[in-house]
Amino acid sequence: MAEGNISLIMEFMLLGFSDLPNLQGFLFGLFLIIYTGILIGNGLIIVITKVEPVLQTPMYFFLRNFSFLEICYTSVILPRILVNLWTQKINISFTACAAQFCAFFVMAITENFLLTVMAYDRYVAICKPLNYPLIMNHRVCFQLVFGSWTIGIPVMIGQTYHVFSLPFCDSNKLNHVFCDIPPLLKLACSDTSVIEFSVYVVAVLFVMIPFLLIIRSYVKIISTILKLPSNTGKYKAFSTCSSHLIVVILFFGSATITYSRPKSNNSGRTDKILSLLYTIVTPMFNPMIYSLRNKDIIDALKKLLQAKW
183 MAEGNISLIM EFMLLGFSDL PNLQGFLFGL FLIIYTGILI GNGLIIVITK
233 VEPVLQTPMY FFLRNFSFLE ICYTSVILPR ILVNLWTQKI NISFTACAAQ
283 FCAFFVMAIT ENFLLTVMAY DRYVAICKPL NYPLIMNHRV CFQLVFGSWT
333 IGIPVMIGQT YHVFSLPFCD SNKLNHVFCD IPPLLKLACS DTSVIEFSVY
383 VVAVLFVMIP FLLIIRSYVK IISTILKLPS NTGKYKAFST CSSHLIVVIL
433 FFGSATITYS RPKSNNSGRT DKILSLLYTI VTPMFNPMIY SLRNKDIIDA
483 LKKLLQAKW
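Quick note: the sequence shown uses our numbering, first residue 183, plus one each step.
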(Lines of atoms letter the chains of each structure in order from A and count residues from 1; the text may use other names and numbers.)
(Lines give C-alpha, C1' and ligand atoms only; values in the text may rest on other atoms or scores of the structure.)
Protein backbone atom coordinates (compact mmCIF):
# COMPACT_ATOMS: atom_id res chain seq x y z
CA MET A 1 0.00 0.00 0.00
CA ALA A 2 1.46 3.32 -0.98
CA GLU A 3 2.21 5.66 1.90
CA GLY A 4 0.10 8.40 0.36
CA ASN A 5 -3.04 6.28 0.64
CA ILE A 6 -2.72 6.03 4.42
CA SER A 7 -3.72 8.95 6.65
CA LEU A 8 -3.73 9.47 10.40
CA ILE A 9 -7.34 8.95 11.51
CA MET A 10 -8.21 11.25 14.42
CA GLU A 11 -11.92 10.45 14.48
CA PHE A 12 -14.47 8.16 12.90
CA MET A 13 -17.90 8.87 11.48
CA LEU A 14 -20.55 6.52 12.88
CA LEU A 15 -23.01 6.56 10.02
CA GLY A 16 -25.68 4.77 12.04
CA PHE A 17 -29.06 5.62 10.56
CA SER A 18 -27.95 8.80 8.77
CA ASP A 19 -29.25 7.27 5.54
CA LEU A 20 -32.77 7.61 6.97
CA PRO A 21 -33.06 11.38 7.53
CA ASN A 22 -36.85 11.36 7.70
CA LEU A 23 -36.83 8.84 10.56
CA GLN A 24 -34.31 10.53 12.85
CA GLY A 25 -36.95 11.92 15.23
CA PHE A 26 -38.91 8.66 15.33
CA LEU A 27 -35.76 6.60 15.97
CA PHE A 28 -34.66 8.98 18.74
CA GLY A 29 -38.01 8.61 20.49
CA LEU A 30 -38.02 4.83 20.01
CA PHE A 31 -34.50 4.34 21.36
CA LEU A 32 -35.16 6.73 24.24
CA ILE A 33 -38.22 4.70 25.26
CA ILE A 34 -36.24 1.45 24.98
CA TYR A 35 -33.33 2.82 27.02
CA THR A 36 -35.68 4.15 29.68
CA GLY A 37 -37.40 0.76 29.82
CA ILE A 38 -34.04 -1.00 30.21
CA LEU A 39 -33.00 1.30 33.06
CA ILE A 40 -36.34 1.04 34.90
CA GLY A 41 -36.87 -2.70 34.35
CA ASN A 42 -33.39 -3.82 35.31
CA GLY A 43 -33.20 -1.19 38.05
CA LEU A 44 -36.36 -2.59 39.65
CA ILE A 45 -34.91 -6.11 39.62
CA ILE A 46 -31.74 -4.82 41.31
CA VAL A 47 -33.75 -3.05 44.02
CA ILE A 48 -36.20 -5.90 44.59
CA THR A 49 -33.54 -8.62 44.83
CA LYS A 50 -31.54 -6.41 47.20
CA VAL A 51 -34.25 -5.40 49.70
CA GLU A 52 -36.59 -8.41 49.70
CA PRO A 53 -35.45 -10.98 52.32
CA VAL A 54 -36.97 -13.97 50.47
CA LEU A 55 -34.84 -13.17 47.43
CA GLN A 56 -31.50 -13.32 49.26
CA THR A 57 -30.40 -16.49 47.49
CA PRO A 58 -27.58 -17.23 45.01
CA MET A 59 -30.01 -17.31 42.06
CA TYR A 60 -31.18 -13.74 42.71
CA PHE A 61 -27.67 -12.59 43.58
CA PHE A 62 -26.62 -13.64 40.08
CA LEU A 63 -29.77 -12.10 38.59
CA ARG A 64 -29.02 -8.79 40.33
CA ASN A 65 -25.53 -8.74 38.84
CA PHE A 66 -26.95 -9.69 35.46
CA SER A 67 -29.44 -6.81 35.56
CA PHE A 68 -26.68 -4.38 36.51
CA LEU A 69 -24.60 -5.73 33.62
CA GLU A 70 -27.49 -5.15 31.19
CA ILE A 71 -27.64 -1.50 32.24
CA CYS A 72 -23.88 -1.09 31.73
CA TYR A 73 -23.96 -3.07 28.50
CA THR A 74 -26.59 -0.91 26.83
CA SER A 75 -25.15 2.31 28.31
CA VAL A 76 -22.00 1.73 26.27
CA ILE A 77 -24.05 1.89 23.05
CA LEU A 78 -27.40 3.63 23.44
CA PRO A 79 -26.43 7.09 24.81
CA ARG A 80 -24.07 7.60 21.86
CA ILE A 81 -26.83 6.58 19.42
CA LEU A 82 -29.26 9.01 21.10
CA VAL A 83 -26.75 11.88 20.96
CA ASN A 84 -26.02 11.22 17.31
CA LEU A 85 -29.72 11.18 16.44
CA TRP A 86 -30.47 14.31 18.47
CA THR A 87 -27.52 16.48 17.38
CA GLN A 88 -27.02 15.00 13.89
CA LYS A 89 -23.29 14.91 14.73
CA ILE A 90 -22.03 11.45 13.91
CA ASN A 91 -18.34 11.91 14.62
CA ILE A 92 -16.63 9.98 17.43
CA SER A 93 -13.01 10.50 18.42
CA PHE A 94 -10.43 7.78 17.86
CA THR A 95 -9.98 7.39 21.64
CA ALA A 96 -13.72 7.31 22.36
CA CYS A 97 -14.22 4.70 19.64
CA ALA A 98 -11.47 2.52 21.14
CA ALA A 99 -12.96 2.93 24.63
CA GLN A 100 -16.44 2.00 23.39
CA PHE A 101 -15.04 -0.99 21.51
CA CYS A 102 -13.17 -2.30 24.57
CA ALA A 103 -16.00 -1.67 27.05
CA PHE A 104 -18.62 -3.24 24.81
CA PHE A 105 -16.74 -6.50 24.31
CA VAL A 106 -15.71 -6.70 27.96
CA MET A 107 -19.43 -6.48 28.83
CA ALA A 108 -20.29 -9.05 26.15
CA ILE A 109 -17.75 -11.52 27.56
CA THR A 110 -19.05 -10.84 31.08
CA GLU A 111 -22.59 -11.61 29.89
CA ASN A 112 -21.44 -14.91 28.39
CA PHE A 113 -19.88 -16.02 31.66
CA LEU A 114 -22.66 -14.70 33.90
CA LEU A 115 -25.18 -16.69 31.86
CA THR A 116 -22.90 -19.71 32.29
CA VAL A 117 -22.70 -19.15 36.05
CA MET A 118 -26.48 -18.84 36.26
CA ALA A 119 -26.86 -22.13 34.34
CA TYR A 120 -24.41 -23.81 36.75
CA ASP A 121 -26.39 -22.45 39.70
CA ARG A 122 -29.60 -24.01 38.34
CA TYR A 123 -27.74 -27.27 37.66
CA VAL A 124 -26.58 -27.52 41.28
CA ALA A 125 -30.02 -26.51 42.61
CA ILE A 126 -31.86 -29.15 40.59
CA CYS A 127 -29.33 -31.95 40.25
CA LYS A 128 -27.64 -31.64 43.66
CA PRO A 129 -30.24 -30.00 45.91
CA LEU A 130 -28.90 -31.43 49.18
CA ASN A 131 -25.44 -30.02 48.55
CA TYR A 132 -26.66 -26.71 47.11
CA PRO A 133 -26.08 -24.55 50.24
CA LEU A 134 -22.59 -26.00 50.63
CA ILE A 135 -21.54 -25.69 46.98
CA MET A 136 -23.11 -22.29 46.26
CA ASN A 137 -21.98 -20.53 49.43
CA HIS A 138 -21.46 -16.78 49.61
CA ARG A 139 -17.72 -16.98 48.92
CA VAL A 140 -18.15 -19.15 45.82
CA CYS A 141 -20.92 -16.91 44.46
CA PHE A 142 -18.76 -13.82 44.89
CA GLN A 143 -15.78 -15.51 43.20
CA LEU A 144 -17.92 -16.62 40.26
CA VAL A 145 -19.33 -13.12 39.73
CA PHE A 146 -15.95 -11.44 40.19
CA GLY A 147 -14.38 -13.83 37.69
CA SER A 148 -17.17 -13.19 35.18
CA TRP A 149 -16.66 -9.43 35.40
CA THR A 150 -12.87 -9.47 35.14
CA ILE A 151 -11.89 -12.41 32.93
CA GLY A 152 -12.37 -10.53 29.67
CA ILE A 153 -10.63 -7.28 30.65
CA PRO A 154 -6.98 -8.15 29.85
CA VAL A 155 -7.96 -10.00 26.68
CA MET A 156 -10.03 -7.14 25.28
CA ILE A 157 -7.44 -4.52 26.22
CA GLY A 158 -4.97 -6.46 24.09
CA GLN A 159 -7.52 -6.96 21.32
CA THR A 160 -8.38 -3.25 21.33
CA TYR A 161 -4.70 -2.31 21.12
CA HIS A 162 -4.16 -4.56 18.10
CA VAL A 163 -7.27 -3.38 16.23
CA PHE A 164 -6.63 0.32 16.81
CA SER A 165 -2.94 -0.01 15.98
CA LEU A 166 -3.90 -0.86 12.40
CA PRO A 167 -3.18 1.72 9.69
CA PHE A 168 -6.54 3.03 8.44
CA CYS A 169 -7.17 4.26 4.91
CA ASP A 170 -8.43 7.70 3.95
CA SER A 171 -12.04 6.81 4.72
CA ASN A 172 -13.11 7.10 8.34
CA LYS A 173 -16.77 6.23 7.80
CA LEU A 174 -17.98 3.33 9.94
CA ASN A 175 -21.23 2.03 8.46
CA HIS A 176 -22.53 0.87 11.82
CA VAL A 177 -24.21 2.11 15.01
CA PHE A 178 -21.16 1.54 17.23
CA CYS A 179 -17.45 0.75 16.94
CA ASP A 180 -17.64 -2.94 16.07
CA ILE A 181 -14.95 -5.28 14.72
CA PRO A 182 -16.19 -5.91 11.12
CA PRO A 183 -16.61 -2.25 10.05
CA LEU A 184 -13.29 -1.29 11.64
CA LEU A 185 -11.40 -4.05 9.85
CA LYS A 186 -12.97 -2.94 6.55
CA LEU A 187 -11.20 0.42 6.89
CA ALA A 188 -7.78 -1.09 7.58
CA CYS A 189 -5.11 -0.73 4.89
CA SER A 190 -2.93 -3.62 6.05
CA ASP A 191 -3.45 -7.37 6.22
CA THR A 192 -5.94 -8.17 8.99
CA SER A 193 -5.72 -11.97 8.84
CA VAL A 194 -3.79 -12.22 12.12
CA ILE A 195 -6.33 -10.08 13.95
CA GLU A 196 -9.23 -11.98 12.39
CA PHE A 197 -7.66 -15.22 13.61
CA SER A 198 -7.28 -13.79 17.11
CA VAL A 199 -10.94 -12.76 17.02
CA TYR A 200 -11.93 -16.35 16.21
CA VAL A 201 -9.74 -17.63 19.07
CA VAL A 202 -11.39 -15.21 21.50
CA ALA A 203 -14.81 -16.23 20.17
CA VAL A 204 -14.05 -19.91 20.80
CA LEU A 205 -12.69 -19.28 24.31
CA PHE A 206 -15.21 -16.73 25.50
CA VAL A 207 -18.33 -17.50 23.48
CA MET A 208 -18.31 -21.10 22.29
CA ILE A 209 -16.95 -22.67 25.49
CA PRO A 210 -19.44 -20.83 27.79
CA PHE A 211 -22.27 -21.77 25.42
CA LEU A 212 -21.25 -25.45 25.46
CA LEU A 213 -21.06 -25.37 29.26
CA ILE A 214 -24.58 -23.94 29.36
CA ILE A 215 -25.80 -26.69 27.01
CA ARG A 216 -24.09 -29.31 29.18
CA SER A 217 -25.77 -27.93 32.31
CA TYR A 218 -29.20 -27.97 30.71
CA VAL A 219 -28.78 -31.47 29.34
CA LYS A 220 -28.19 -32.66 32.89
CA ILE A 221 -30.99 -30.45 34.25
CA ILE A 222 -33.54 -31.76 31.76
CA SER A 223 -32.38 -35.34 32.34
CA THR A 224 -32.89 -34.90 36.09
CA ILE A 225 -36.28 -33.22 35.68
CA LEU A 226 -37.58 -36.04 33.48
CA LYS A 227 -36.74 -38.52 36.24
CA LEU A 228 -38.91 -36.73 38.80
CA PRO A 229 -41.95 -38.83 39.77
CA SER A 230 -44.65 -36.13 39.73
CA ASN A 231 -45.69 -33.70 37.02
CA THR A 232 -45.95 -30.96 39.65
CA GLY A 233 -42.33 -31.49 40.61
CA LYS A 234 -41.28 -31.43 36.97
CA TYR A 235 -43.13 -28.18 36.32
CA LYS A 236 -41.74 -26.50 39.44
CA ALA A 237 -38.17 -27.57 38.64
CA PHE A 238 -38.36 -26.46 35.02
CA SER A 239 -40.01 -23.13 35.87
CA THR A 240 -36.99 -22.15 37.96
CA CYS A 241 -34.69 -22.26 34.93
CA SER A 242 -37.00 -21.61 31.96
CA SER A 243 -36.54 -17.82 32.11
CA HIS A 244 -32.78 -18.16 32.03
CA LEU A 245 -33.01 -20.59 29.11
CA ILE A 246 -35.12 -18.11 27.11
CA VAL A 247 -32.56 -15.34 27.75
CA VAL A 248 -29.71 -17.64 26.67
CA ILE A 249 -31.47 -18.47 23.41
CA LEU A 250 -32.22 -14.80 22.67
CA PHE A 251 -28.71 -13.56 23.41
CA PHE A 252 -26.61 -16.30 21.84
CA GLY A 253 -29.03 -16.78 18.96
CA SER A 254 -29.07 -13.13 17.88
CA ALA A 255 -25.29 -12.71 18.38
CA THR A 256 -24.55 -15.89 16.40
CA ILE A 257 -26.76 -14.80 13.49
CA THR A 258 -25.09 -11.37 13.46
CA TYR A 259 -21.48 -12.51 13.38
CA SER A 260 -21.74 -15.79 11.47
CA ARG A 261 -23.91 -14.72 8.53
CA PRO A 262 -22.17 -14.28 5.15
CA LYS A 263 -20.96 -10.74 4.60
CA SER A 264 -21.72 -8.77 1.46
CA ASN A 265 -21.18 -5.24 0.30
CA ASN A 266 -24.86 -4.45 0.83
CA SER A 267 -25.25 -5.97 4.27
CA GLY A 268 -24.64 -2.74 6.23
CA ARG A 269 -28.25 -1.97 7.16
CA THR A 270 -28.98 -5.62 7.98
CA ASP A 271 -25.91 -5.77 10.22
CA LYS A 272 -27.10 -2.68 12.10
CA ILE A 273 -30.56 -4.13 12.69
CA LEU A 274 -29.20 -7.51 13.79
CA SER A 275 -26.68 -5.91 16.14
CA LEU A 276 -29.52 -4.02 17.83
CA LEU A 277 -31.18 -7.35 18.66
CA TYR A 278 -28.56 -8.46 21.16
CA THR A 279 -27.35 -5.00 22.26
CA ILE A 280 -30.72 -3.34 22.87
CA VAL A 281 -33.78 -5.54 22.28
CA THR A 282 -32.65 -8.52 24.37
CA PRO A 283 -31.74 -6.37 27.44
CA MET A 284 -35.15 -4.71 27.11
CA PHE A 285 -37.00 -8.04 27.27
CA ASN A 286 -34.87 -9.63 29.99
CA PRO A 287 -36.62 -7.92 32.97
CA MET A 288 -40.02 -8.88 31.54
CA ILE A 289 -38.91 -12.48 30.99
CA TYR A 290 -37.59 -12.86 34.53
CA SER A 291 -40.41 -10.99 36.27
CA LEU A 292 -43.42 -12.33 34.39
CA ARG A 293 -42.24 -15.95 34.77
CA ASN A 294 -41.16 -15.66 38.41
CA LYS A 295 -43.76 -15.66 41.17
CA ASP A 296 -41.29 -14.55 43.86
CA ILE A 297 -40.32 -11.42 41.91
CA ILE A 298 -43.96 -10.61 41.13
CA ASP A 299 -44.87 -10.92 44.82
CA ALA A 300 -41.86 -8.81 45.85
CA LEU A 301 -42.78 -6.16 43.27
CA LYS A 302 -46.38 -6.02 44.55
CA LYS A 303 -45.13 -5.67 48.11
CA LEU A 304 -42.75 -2.88 47.09
CA LEU A 305 -45.46 -0.98 45.22
CA GLN A 306 -47.92 -1.37 48.10
CA ALA A 307 -45.31 -0.05 50.54
CA LYS A 308 -44.67 3.02 48.34
CA TRP A 309 -48.34 3.80 47.75
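Using N, Cα and C, we set each Cβ at its ideal position, and we do this for glycine too.
- Contact check for Ala-301 against Thr-422 fails: the beta carbons are separated by 8 Å or more.
- When DSSP states are grouped into helix, strand and coil, Phe-350 belongs to the strand group.
- Taking C-beta atoms as the reference points, Val-288 and Phe-244 fail to come closer than 8 Å.
- Counting the other Cβ atoms within 10 Å of the Cβ of Gln-282 gives 16 or more, which makes it buried.
- The beta carbon of Ile-216 sits closer than 7 Å to the beta carbons of Ile-462 and Met-466 from its chain, once the five residues preceding and following it are set aside; these are given in chain order.
- Distances from the alpha-carbon of Arg-246 to those of Gly-211, Lys-418, Leu-296 and Ser-275 put Leu-296 closest.
- The criterion of a C-beta distance shorter than 8 Å is satisfied by Thr-342 and Ala-280.
- Of the candidates Ser-375, Cys-351 and Asp-201, Ser-375 places its Cα closest to the Cα of His-344.
- Ile-274: member of the beta strand (DSSP E) spanning 273-275, first to last residue.
- With a minimum length of 4 residues, the unbroken runs of alpha helix (DSSP H) contained wholly in the stretch 287-321 fall at 314-317.
- Runs of the alpha helix (DSSP H) spanning 4 or more residues and lying entirely within the stretch 216-273 occur at 240-257 and 260-269, in chain order.
- The C-beta distance from Leu-209 to Phe-199 rounds to 6 Å, short enough to meet the 8 Å contact threshold.
- Residue pairing by DSSP places Ala-370 opposite Phe-350 in a beta bridge.
- Under the three-state reduction of DSSP, Lys-409 is assigned to coil, being neither helix nor strand.
- With respect to the C-alpha of Leu-326, the residue from Leu-348, Pro-311, Arg-451 and Asp-303 having the closest C-alpha is Asp-303.
- Here Ile-428 is not near Ala-419, since their CB atoms are 8 Å or more apart.
- Taking the CA atoms as reference points, Ile-253 sits about 38 Å from Leu-410.
- At a Cβ-Cβ threshold of 8 Å, Ser-330 and Pro-469 do not count as neighbours.
- In the DSSP assignment, Phe-194 falls outside any alpha helix (DSSP H) and within the unbroken beta strand (DSSP E) covering 193-196.
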